[in-house]
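Below is one structure, written out as structure tokens, with a few remarks after it.
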Amino acid sequence: MVLRMRVLLVCSVVLITGVLMSGCALSYYWQAAAGQLELLNERLPITAVLNDPAQSAAIREALARTLEMRQFAVAELGLPDNDSYRSYVDLGRPYVVWNVVVAEEFSVEPRRWCFPVAGCVTYRGYFHKTDAERYAERLSAAGFDVYVAGARAYSTLGYFSDPILSTMLTGGEQTIAAVLFHELAHQLFYVKDDTELNEAFATAIEEYGTQQWLLREGDRSAVEAYRRKLQRREDFNQLIARQQTRLRALYGRPGTPETMRAAKREAFETLTAEFTVLRAAWGGASDYDAWFSRPLNNAQLASVATYGRWLPNLREYLGSHGLDALYAEMKLLEDLPREARQTRLAALSATPFASELR
């Protein structure tokens with residue numbers, strides 16, 4: 196009953212806020228509230244699922260491992276010890292939400308949306324793919340660059356007890372650990388209106404925690420494979436950062452829309468060629484083939500930059516100073532104004548990537 200009243204209260208706040216906005220905004224808030232309520236209503240305790248013979252052995256085994264990871268997250272990573280990720284929801288679809296990222300035709304900066312709880316973020320999430328695509332198509336027709344991508348999980352930042360979703364169980368144990376640690380990190384530290392810092396922190400904890408989990412399991416081959424994967428992630432992030440630098444220079448020069456579009460097409464052709472070389476250097480690893488399989492644009496680049504901007508700095512700080520020091524640093528950053536926060540972040544050492552963290 197307490198949970199139900201809390202859900203109804205939050206939904207009421209959402210609706211009251213929406214009434215003060217346009218009809219379009221109201222419909223967006225309604226789908227968000229309805230989607231969240233559906234997840235909460237569908238939760239089953241993981242312990243009950245483990246004892247259900249109707250569930251597949253693979254699901255039960257994966258969920259049993261998530262409980263071990265959950266305990267590890269608290270004991271070894273200092274992540275929140277609460278009721279999140281102790282229940283399960285079978286979504287019956289590949290993603291829980293589809294996020295829409297938007298940028299102007301001649302800008303690498305993503306559009307931002309502001310919400311009562313999460314603050315301002317660089318994406319807009321939908322529980323139904325068709326809703327996300329409809330919104331993206333409308334903005335694309337207006338001349339914006341748009342990118343729609345599915346997400347396996349998201350965090351309610353501790354406002355609710357988030358469940359393990361069936362979408363989190365795809366990709367093997369390494370992926371489950373990474374997603375779980377990432378989402379729990381959002382509950383530990385979240386600054387309104389600073390998506391780049393929030394995602395960099397959660398990703399740094401995801402990487403560190405997953406390596407520590409694999410080391411605990413004693414599978415050296417899995418550890419080395421994961422570190423190679425992280426190196427590919429860093430190579431990819433740097434590739435995208437270089438492309439954004441090129442485009443910033445291009446968009447900052449005077450020119451007609453026609454000449455800028457031609458130069459933009461050429462810049463993205465260069466990016467694709469550079470990726471082909473990088474992929475060969477990886478020995479043909481296909482991590483980012485799907486990402487490059489679609490027409491590239493500013494919004495797609497921005498979706499990567501959101502996660503990668505401060506990640507090298509936080510990785511290096513974590514590797515040099517340890518987990519407790521990073522958490523203390525995050526508390527300092529949290530209390531700073533945005534400009535001062537970014538100055539302090541930039542001063543953190545960002546040396547060439549080394550995947551072996553303490």
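Numbering (the working numbering), first residue to last: 196 to 553. We treat Cβ as the ideally placed atom computed from N, Cα and C, and that holds for glycine.
>> Can you tell me whether Glu-511 is buried or exposed? The criterion is at least 16 other CB atoms within 10 Å of its CB, across all chains shown.
In response: Counting every other CB atom within 10 Å of its CB across the protein chains shown gives Glu-511 a total of 16 or more, marking it as buried.
> Do you know how far the Cα of Ala-373 is from the Cα of Val-418?
Replying inline: 13 Å
>> Using CA atoms only, rank isn't needed, just tell me which of Ala-298, Gly-287, Ala-313 and Leu-258 is closest to Ser-498.
In response: Here the closest residue by C-alpha is Ala-298.
> What separation, rounded to the nearest whole angstrom, lies between the Cα atoms of Glu-300 and Met-455?
Replying inline: 10 Å
> What does a CB cutoff of less than 8 Å around Val-244 pick up in its chain, not counting 5 residues either side in sequence?
Replying inline: Gln-250, Ile-254, Arg-255, Leu-258 and Tyr-283
>> Using 8 Å for Cβ pairs, my map puts Leu-286 next to Thr-362. What's the rounded Cβ distance?
In response: About 6 Å separates the two Cβ atoms, so the contact holds.
>> Per the DSSP calculation, Gly-514 is bridged to which residue(s)?
In response: Per DSSP, none; premise fails for Gly-514.
> Leaving out the 5 sequence neighbours to the left and right, which residues in its chain are closer than 7 Å to Ala-337 when beta-carbon positions are compared?
Replying inline: none
>> Extract the residue ranges of the beta strand (DSSP E) inside the segment 419 to 447, only unbroken runs of 3 or more that lie entirely within it.
In response: Counting only runs of at least 3 residues, the segment 419 to 447 fully encloses no beta strand (DSSP E) element at all.
> Taking just the CA atoms, how far does Ser-481 sit from Lys-424?
Replying inline: 11 Å
>> Please return the same chain residues whose Cβ sits closer than 7 Å to the Cβ of Pro-275, not counting the five positions on each side in sequence.
In response: Gly-353, Leu-379, Gln-382 and Leu-383
> Among Gly-345, Phe-376, Phe-339 and Leu-491, which residue has its Cα nearest to the Cα of Tyr-280?
Replying inline: Phe-376
> Are the segment 507 to 526 and the segment 395 to 412 touching by the rule of at least three beta carbon pairs closer than 8 Å?
Replying inline: yes
>> Going by C-alpha to C-alpha distance, which of Thr-390, Glu-394, Leu-496 and Asp-278 sits closest to Gln-433?
In response: Comparing Cα positions, the closest option is Leu-496.
> Among residues of its own chain, excluding the 5 on either side of Arg-533, which ones have a beta-carbon nearer than 8 Å to its beta-carbon?
Replying inline: Asp-388 and Asp-389, listed in sequence order.
> Are the Cβ atoms of Gly-404 and Leu-513 separated by less than 7 Å?
Replying inline: no
> Looking only at its own chain, which residues have a Cβ that is under 7 Å from the Cβ of Trp-505, when we skip the five neighbours before and after it?
Replying inline: Glu-391, Leu-392, Ala-395 and Leu-540
> Roughly how many angstroms separate the alpha carbons of Ala-494 and Val-303, rounded to a whole number?
Replying inline: 7 Å
> In chain order, what residues of the same chain lie with their CB nearer than 6 Å to the CB of Gly-230, ignoring the 5 residues before and after it?
Replying inline: The beta carbon of Gly-230 is closer than 6 Å to those of Phe-322 in its chain, skipping five residues each way along the sequence.
> How close, in whole Å, do the beta carbons of Tyr-290 and Arg-347 come, if the pair is a contact with beta carbons under 8 Å?
Replying inline: 6 Å
>> Beta-carbon within less than 6 Å of Leu-466's beta-carbon, same chain only, minus the 5 sequence neighbours each way: which residues are those?
In response: Gln-438
>> Can you look up Gly-503 in the DSSP assignment and give me helix, strand or coil?
In response: Of the three classes helix, strand and coil, the one that applies to Gly-503 here is helix, per DSSP.
> Relative to the alpha-carbon of Trp-293, which residue among Phe-310, Pro-305, Gly-320 and Gly-314 has its alpha-carbon at the smallest distance?
Replying inline: Nearest option by C-alpha distance: Gly-320.
>> Less than 6 Å between C-beta atoms, sequence neighbours within five positions excluded: which residues of the same chain meet that for Leu-334?
In response: Val-297 and Val-341
>> Can you tell me whether Tyr-342 is helix, strand or coil according to DSSP?
In response: Residue state, collapsed to three classes: strand.
>> I'd like the list of long-range same chain contacts for Ala-331, defined as Cβ closer than 7 Å, with 5 residues on each side in sequence excluded.
In response: Val-295, Val-341 and Val-343
>> Measuring straight from C-alpha to C-alpha, what distance separates Arg-307 and Asp-326?
In response: 18 Å
> Do Tyr-502 and Phe-431 have their C-beta atoms closer together than 7 Å?
Replying inline: Result no, Cβ atoms of Tyr-502 and Phe-431 do not sit closer than 7 Å.
> What residue range is occupied by the uninterrupted alpha helix (DSSP H) comprising Tyr-280?
Replying inline: That residue, Tyr-280, is in no alpha helix (DSSP H); it is neither H nor E in DSSP.
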